[in-house]
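What follows is a single structure, written as structure tokens, with notes after it.
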Amino acid sequence: MSKRKENTSKGTLPTKRIKTEIKDDPDEANGSHWKTATINGQSGDCLPNSLLNEGEVGIIESISLKNFMCHACLGPFKFGPNVNFVVGNNGSGKSAVLTALIVGLGGKATATNRGNSIKGFVKSGQNSADISITLRNRGPDAFKPDKYGEAVIVEQRISGDGIRQYRLKSQSGHLVSTKKEELNTILDQFNIQVDNPVSILTQEMSKHFLQSKSEADKYKFFMKATQLEQMRGDYSYIMDTKALTNKKIEKQDENLSELKDQVKEKEDRFKSLASLNELLEKLEQLKNQMVWALVIEVEKEMQPIKDRIKAEENRTIKYDQKIDEWEAKVNETEGQFKAVQNQLQKITEEAQVLRPQCTALKEDVQGKNKARKESEATFHRFRTQLKQLEKDHDQLQRRIEELRNSVNQSSEADLRKRQERISSLQEQQNTLEAQKTISLQQLEQFQHAINKSKDELYKLGREEQDAKNSVEFRKKQLNNLKASRTNQLKRFGESMPALLEAIEEAHKQGRFRKKPVGPLGTCFKLKYPELALAVESCLKGLLLSFCCDNYKDEQVLQTLMSRYFSSGKRPQINVGEFSDQIYNVKSRAAHHPEFPTVFEALEIDNPVVTNCLIDMRNIERVLLISSNSRAREVMQQQKAPLNCKEAFTAAGDQVFTNRYYSSEMDRARYLGGDVEAEIRQLEEEMNNKMAQVLRLQQQLQTVEEEIKMNEIHMKTKQMLIRKIQEKGTKIKLEITDLENVDEPQSVDISTLEEEVKDIWQRIESDREKLEEARKNMNEHRTIEEEAEQKYKAMKEKINFIAEEADPIKDELSKIDAEVGKCKYHKRHYEEKKKEHLDGIDQLKENLENKEKILEENTSKAKQICAERIEVTRTPRSIDVEINRLRVRINKEQERHGNKEEITRQYYDVLEMYKNVKSQIKTLKRFMQLLDKIMEERHKAYKIFRRYISLRCKYYFDSMLSQRGYHGKMIFDHKSGTLSIAVQPGEGDKAALSDMRSLSGGERSFSTVCFILSLWDTMESPFRCLDEFDVYMDMVNRRISMDMMLKVASSQRYRQFIFLTPQSMSSLPSSRLIRILRMHDPERGQTTLPFCPRDQAEDSDD
1333 MSKRKENTSK GTLPTKRIKT EIKDDPDEAN GSHWKTATIN GQSGDCLPNS LLNEGEVGII
1393 ESISLKNFMC HACLGPFKFG PNVNFVVGNN GSGKSAVLTA LIVGLGGKAT ATNRGNSIKG
1453 FVKSGQNSAD ISITLRNRGP DAFKPDKYGE AVIVEQRISG DGIRQYRLKS QSGHLVSTKK
1513 EELNTILDQF NIQVDNPVSI LTQEMSKHFL QSKSEADKYK FFMKATQLEQ MRGDYSYIMD
1573 TKALTNKKIE KQDENLSELK DQVKEKEDRF KSLASLNELL EKLEQLKNQM VWALVIEVEK
1633 EMQPIKDRIK AEENRTIKYD QKIDEWEAKV NETEGQFKAV QNQLQKITEE AQVLRPQCTA
1693 LKEDVQGKNK ARKESEATFH RFRTQLKQLE KDHDQLQRRI EELRNSVNQS SEADLRKRQE
1753 RISSLQEQQN TLEAQKTISL QQLEQFQHAI NKSKDELYKL GREEQDAKNS VEFRKKQLNN
1813 LKASRTNQLK RFGESMPALL EAIEEAHKQG RFRKKPVGPL GTCFKLKYPE LALAVESCLK
1873 GLLLSFCCDN YKDEQVLQTL MSRYFSSGKR PQINVGEFSD QIYNVKSRAA HHPEFPTVFE
1933 ALEIDNPVVT NCLIDMRNIE RVLLISSNSR AREVMQQQKA PLNCKEAFTA AGDQVFTNRY
1993 YSSEMDRARY LGGDVEAEIR QLEEEMNNKM AQVLRLQQQL QTVEEEIKMN EIHMKTKQML
2053 IRKIQEKGTK IKLEITDLEN VDEPQSVDIS TLEEEVKDIW QRIESDREKL EEARKNMNEH
2113 RTIEEEAEQK YKAMKEKINF IAEEADPIKD ELSKIDAEVG KCKYHKRHYE EKKKEHLDGI
2173 DQLKENLENK EKILEENTSK AKQICAERIE VTRTPRSIDV EINRLRVRIN KEQERHGNKE
2233 EITRQYYDVL EMYKNVKSQI KTLKRFMQLL DKIMEERHKA YKIFRRYISL RCKYYFDSML
2293 SQRGYHGKMI FDHKSGTLSI AVQPGEGDKA ALSDMRSLSG GERSFSTVCF ILSLWDTMES
2353 PFRCLDEFDV YMDMVNRRIS MDMMLKVASS QRYRQFIFLT PQSMSSLPSS RLIRILRMHD
2413 PERGQTTLPF CPRDQAEDSD D
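Numbering (the working numbering), first residue to last: 1333 to 2433.
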């Protein structure tokens, strides 16, 4: 930007503005008002009187148009140096003059808001349009005054095709240049901003600004008016150019590296011009060094072999100690195994002897219990009869007493009648007793049926739960089998594939010395698939186990397993050094002509797996027999095969020479062959089990219904018995009453006394029977208790023996595993010792070979060079240098190039390399300096933007105050918005509102104030404003006009051009004001004459 000229106000003294440090935008964004200090009690910006002169450069002196837009000829218009009003009705050509000013000075068609193409400004029917603009060019800032003089005439011709032709002439009309770049230079020199919307504010731009509701548009308007946007664009262009320069520097760095290689190549050629004798002499020295280097190398190779032989011979004793140690442990554990096995055998035989006795005692207890229940039933029956007889005896006694005390006697007829009635009632009573007996029997039957049904219900419930558990178990197996269709490893657990991936990843990372092997169930194939269950029953948990070479690898594997398995369910890890050779087990393996061992039934490719199964399970000593009967026959009924420890049947049963254990599995879980067949079989079994569950549920429902029905019947019988008892009680009472009424005492008493005697005799007899039944019952109870105590004692003894055998079995299993482990370690150290001794022999053999080679090399070296040379380099490096030297010698001998040419090329390339390196270094320093400069420029840009914003806000508020308005401008530079709020009249400043709520005149006045405040921030030599007062009333127009004239009067070094359709008759007479009145064009008129306000002003200008 050019040097800024300060504004002045007429009749005011200069003032000094207080500098305020501005740290950030928030105060400005919140609309805070900055205050200006004044001197001599006056405010505003003032300039010395020496600056109140006319503008010297960039002032528009005249404009003329031809065939432009719809006008055939306009002008020439001669403008005054300060204030110019172009007055005329619509269509008179006011806006055409303003449009021509923009286009004539190189502006784009879109900047005029009158069209999108420059050819649209050519009058219809014409081939071209002409624009001529005269710019003042005086004073010290004049542009090439020696060529152009005091005025620059800019002529532009626009063809019908939209092609521009520029002609820049001097004041005298002499053509100086036809280049657009010259015009741009002139505009920059004069600080003319054609595309600045405030410098030349067209009618369309003014309307758009008045009607715009966007705060972002106002901010863009402000940025363009103050040329801040141009500064920001220039900075962005600089940064983009800087980035491109950095890329070029990087590319030059790469080219510099290539150039350096060329320098190296030329330097080698330059140095290669040395004497060949030196090269040959150096070659001979290298040969002598080579022969003795070979001798020294062999000597160095021999020393580690000697040291290693000595160390290995010392380690032999350790292997002997280890073998003796593990052999002692093997003998000790085998002795423990035999002792525990004998103990377990003794306990097992004892339990087998006691089981038949326990069964006999149980049957005896059941028989005694039945006899005891029968004796108790007999006792209760006698006791009930006795109580009934005693009750009848008491009733008869009372009746006799009543009869003896009776005074009145019935007649014989009444007596017969009563006796007949009594007989009838007694028959009814007998009938009821019979019904009661039958009902009690039926009630007992229903109760028995209910108890039986409940027992059956409990039994069916257990069966149903077992069947459901079986269905769930088979469902899990089925899911595992289906998953194994795509991944066979899932048979060994859902987490097994993930574990193997983790092992593979850890092995790639080098965490294992040797990769673990497993699970072992995946490391072999079955030769006989029908024996899969037998092999699985034999190996059991070993199928899921892993093998590790050492304990460090075992710890790493344990860590990996802890991610996927809980502590109690982790696969077993077998630790033992890996070997490539399978153990020789021919001497200790079992043999049978008909049945194979587990070792023979498996196809194993990995020796580590084979050796592990031999160590941990003795698979060479376990037979696989097809049927249970043949297994018993081979292992128990005849002498077991030699070295055979045990056998397994195809059904999974385990057979020893003296015992037999049935398998709990019905199919092979891990080693099944045909997955689809197993899935079909498992689905069939699961369907059968589900059908069984459904059938059991139906049976349960039936039994529950039977229980409910029997309970209903039982309740019905209980109600019937109660009714019978009630009827019987009534009949007894009635009989008693009849017997007590008017019965002759003599007859009744004798009869009743006889009956009493008879009952008493029966009571005596029943008492004897009851006592005998009690004794019998007590005897049976005693007998039952004794039998039950014997049975419990026997059962507890068997349970005790079984409980005693469980820990012994566990201990036997542990000892067996320990025996295998000890044997494995013993065999391991025996093999290690053998390998160790073989290694020592091999080392000695290598040492002898090295000694022979040393003797031969020493003899050859003495023949070539008698004196020994101590060489520190290796024969390989010497040989490489010899070959390179020979190639170089051959090239030098074959080369017939020019020495001067080689020297010149070397120095040329070297000079080029130094120049490029210096240039890159200079560029890098410049880029660093540019970074600092741009950082300072950005800071200055922000400070300048702050200053311009504050100045604009201050002048805006000052302009509004002349009308009695209050306003506020809020800049938000981060989001790029400018909000303007205005309060018309004397009101509360807090009630400021957006300009959209103002009337048309108030908004136009506020807009004029905003434009004037922007004018104060820009440096263009002229300002053009089109129809600024179109929406104003008379009051606002007058105030706005006074403001603009006051500003123009204080800035006489600037030119103001106002276009308005209003009559300016009210303007005061002044030599600074020129009014150009344009008349409506008449038909045939080619020019529009204008009349100046007074002739004196015309002549002055």
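By construction, the Cβ of each residue, glycine as well, lies at the ideal position given by its N, Cα and C atoms.
Does the region 1847-1866 come into contact with the region 1878-1897, if we say contact requires no fewer than three beta-carbon pairs (one atom in each stretch) closer than 8 Å? yes
Can you tell me whether Met2350 is helix, strand or coil according to DSSP? Position 1018 of the sequence shown holds residue 2350. Correct three-state label for Met2350: coil.
Quick check: what's the CA-CA separation for Asn1385 versus Gln1525? Here residue 1385 refers to the residue found at position 53 when the sequence shown is read from its first residue. Here residue 1525 refers to the residue found at position 193 when the sequence shown is read from its first residue. Approximately 22 Å, taken between the alpha carbons.
Roughly how many angstroms separate the alpha carbons of Ile1913 and Glu2177, rounded to a whole number? Here residue 1913 refers to the residue found at position 581 of the sequence shown. Here residue 2177 refers to the residue found at position 845 of the sequence shown. In the sequence under discussion, the amino acid at residue 1913 is Gln, which differs from the Ile named in the question. Roughly 24 Å between the two C-alpha positions.
Express the C-alpha separation of Gly1908 and Glu2187 in angstroms, rounding to a whole number. Residue 2187 sits at position 855 when you count from the first residue of the sequence shown. Residue 1908 sits at position 576 when you count from the first residue of the sequence shown. Going from the Cα of Glu2187 to the Cα of Gly1908 covers about 44 Å.
Got a sec: is the Cβ-Cβ distance from Leu1676 to anything in chain D below 8 Å? Protein chains in the displayed structure number just one, and chain D is not present.
Measuring only the C-alpha atoms, how far is Ile1754 from Ile2067? As a working mapping, residue 1754 is identified with position 422 in the sequence shown. As a working mapping, residue 2067 is identified with position 735 in the sequence shown. Approximately 6 Å between the Cα atoms of the pair.
Cutoff 6 Å; reference Lys2059; Cβ partners in own chain excluding five residues on either side: Within the sequence shown, the letter at position 727 stands for residue 2059. Cβ within range, chain order: Leu1764.
Could you tell me if Glu1360 is buried or exposed, where buried requires 16 or more neighbouring beta carbons within 10 angstroms of its beta carbon? Here the question's residue 1360 lines up with position 28 in the sequence shown. Note that Glu1360 scores 39 on pLDDT, short of 50, meaning its location in the model is unreliable and no value can be drawn from it.
Express the C-alpha separation of Lys2378 and Tyr2287 in angstroms, rounding to a whole number. Your numbering for residue 2287 matches position 955 in the sequence shown. Your numbering for residue 2378 matches position 1046 in the sequence shown. Using only the alpha carbons, I get a separation of about 13 Å.
Cβ neighbour criterion (16 or more within 10 Å) applied to Pro2316: Start at 1 with the first residue of the sequence shown, and residue 2316 comes out as number 984. So Pro2316 ends up on the buried side.
Do the CB positions of Gln1968 and Thr1989 come within less than 8 Å of each other? The residue given as residue 1968 occupies position 636 in the sequence shown. The residue given as residue 1989 occupies position 657 in the sequence shown. Yes, Cβ-Cβ distance for Gln1968 and Thr1989 is below 8 Å.
Taking all protein chains shown into account, decide if Leu1873 is buried (16 or more other Cβ within 10 angstroms of its Cβ) or exposed. The residue labelled residue 1873 in the question sits at position 541 within the sequence shown. It is Gly, not Leu, that sits at residue 1873 in the sequence shown. It counts as exposed.
Apart from the five residues on each side of it in sequence, which residues of its chain come closer than 8 Å, Cβ to Cβ, to Val1917? In the sequence shown, residue 1917 corresponds to position 585, counting from 1. If we look at Val1917 and ignore the five residues flanking it on each side, its Cβ neighbours are Phe1931, Ile1946, Glu1952.
Could you name each continuous alpha helix (DSSP H) segment of 4 residues or more that falls completely within the region 1989-2076, going from the start of the chain to the end? 2007-2072
Nearest to Val1484 (by Cα), restricted to the options Val1508, Gln1497, Asp1493: Walking along the sequence shown from the start, residue 1484 turns up at place 152. Comparing Cα positions, the closest option is Val1508.
Output the distance between the C-alpha atoms of Arg1336 and Tyr2279, rounded to the nearest integer angstrom. Along the sequence shown, read from residue 1 onward, the residue named residue 1336 stands at position 4. Along the sequence shown, read from residue 1 onward, the residue named residue 2279 stands at position 947. Residue placement at Arg1336 is flagged as unreliable, the pLDDT there being 38, under the threshold of 50; a coordinate-derived value is accordingly withheld.
In angstroms with no decimal places, state the Cα-to-Cα distance between Ser2372 and Arg2295. Position 1040 of the sequence shown, counted from the start, is the residue given in the question as residue 2372. Position 963 of the sequence shown, counted from the start, is the residue given in the question as residue 2295. The alpha-carbon atoms of Ser2372 and Arg2295 are separated by roughly 9 Å.
Quick check on the DSSP output: the alpha helix (DSSP H) that includes Ser1961 runs from which residue to which? By one-based count along the sequence shown, residue 1961 stands at place 629. Where Ser1961 is concerned, the enclosing alpha helix (DSSP H) stretches over 1960-1964.
Inter-residue Cα distance where the pair is Ile2210 and Tyr1883: On the sequence shown, position 878 is the one that residue 2210 refers to. On the sequence shown, position 551 is the one that residue 1883 refers to. Roughly 46 Å separates the two Cα atoms.
Under 8 Å between the Cβ atoms of Gln2473 and Asn1399? This structure leaves residue 2473 out entirely; the chain is present only between 1333 and 2433.
Beta-carbon contacts of Glu1682 that lie in its chain and below 7 Å, excluding the five residues immediately before and after: Within the sequence shown, the letter at position 350 stands for residue 1682. The answer, listed in chain order, is Ile2133.
Taking C-beta to C-beta, are Leu1721 and Arg2094 nearer than 8 Å? Against the sequence shown, residue 1721 aligns to sequence position 389. Against the sequence shown, residue 2094 aligns to sequence position 762. Contact: yes.
Determine, using beta carbons only, whether Phe2354 and Ile2389 come nearer to each other than 8 Å. Translated into the one-based positions of the sequence shown, residue 2354 becomes position 1022. Translated into the one-based positions of the sequence shown, residue 2389 becomes position 1057. Contact: yes.
Mapping DSSP to helix, strand and coil, what is Gln2387? As a first step, residue 2387 must be located in the sequence shown, where it is residue number 1055. If DSSP states are grouped into helix, strand and coil, Gln2387 belongs with the strands.
What is the DSSP secondary structure of Gly1420, reduced to helix, strand or coil? Indexing the sequence shown from 1 puts residue 1420 at position 88. In the structure shown, Gly1420 sits in a strand (DSSP, three-state: E or B).
Through-space distance from Arg2216 to Leu2255, alpha-carbon basis: For the purposes of this step, residue 2255 is identified with residue 923 of the sequence shown, where counting begins at 1. For the purposes of this step, residue 2216 is identified with residue 884 of the sequence shown, where counting begins at 1. Taking the straight line from one Cα to the other gives about 41 Å.
If you draw a straight line from the alpha carbon of Ala1660 to that of Asp1652, how long is it in whole angstroms? Start at 1 with the first residue of the sequence shown, and residue 1660 comes out as number 328. Start at 1 with the first residue of the sequence shown, and residue 1652 comes out as number 320. Between Ala1660 and Asp1652, the C-alpha separation is close to 12 Å.
From which residue to which residue does the alpha helix (DSSP H) around Gly1908 run? Numbered from 1 along the sequence shown, position 576 holds the residue referred to as residue 1908. That residue, Gly1908, is in no alpha helix (DSSP H); it is neither H nor E in DSSP.
Does the separation of the CB atoms of Ile1392 and Ile1490 fall below 8 Å? Within the sequence shown, the letter at position 60 stands for residue 1392. Within the sequence shown, the letter at position 158 stands for residue 1490. Not in contact: Ile1392 and Ile1490 (Cβ atoms no closer than 8 Å).
Hey, out of Lys1857, Val1672, Leu1397, whose CA is closest to Glu1935's CA? Position 603 of the sequence shown, counted from the start, is the residue given in the question as residue 1935. Nearest of Lys1857, Val1672, Leu1397 to Glu1935, Cα basis: Lys1857.
What do you reckon, are the CB atoms on Ile1471 and Glu1388 nearer than 8 Å? Counting from one through the sequence shown, the residue named residue 1471 turns up at place 139. Counting from one through the sequence shown, the residue named residue 1388 turns up at place 56. Per the sequence shown, the amino acid found at residue 1471 is Gly instead of Ile. Against a cut-off of 8 Å, the Cβ pair of Glu1388 and Gly1471 comes out as a contact.
Going straight from the alpha carbon of Val1954 to that of Ala1979, what length do you get? If you number the sequence shown from 1, residue 1954 lands on position 622. If you number the sequence shown from 1, residue 1979 lands on position 647. Looking at the two C-alpha atoms, the distance is approximately 5 Å.
Pick helix, strand or coil for Ile1914, following the three-state DSSP scheme. For the purposes of this step, residue 1914 is taken as the residue at position 582 of the sequence shown. In this structure, Ile1914 counts as coil in the three-state DSSP scheme.
Under the three-state DSSP convention, the category Tyr1498 falls into: Numbered from its first residue, the sequence shown carries residue 1498 at position 166. In this structure, Tyr1498 counts as strand in the three-state DSSP scheme.
Which residues bound the beta strand (DSSP E) around Ile1957? Here the question's residue 1957 lines up with position 625 in the sequence shown. Here the beta strand (DSSP E) through Ile1957 covers 1954-1957.
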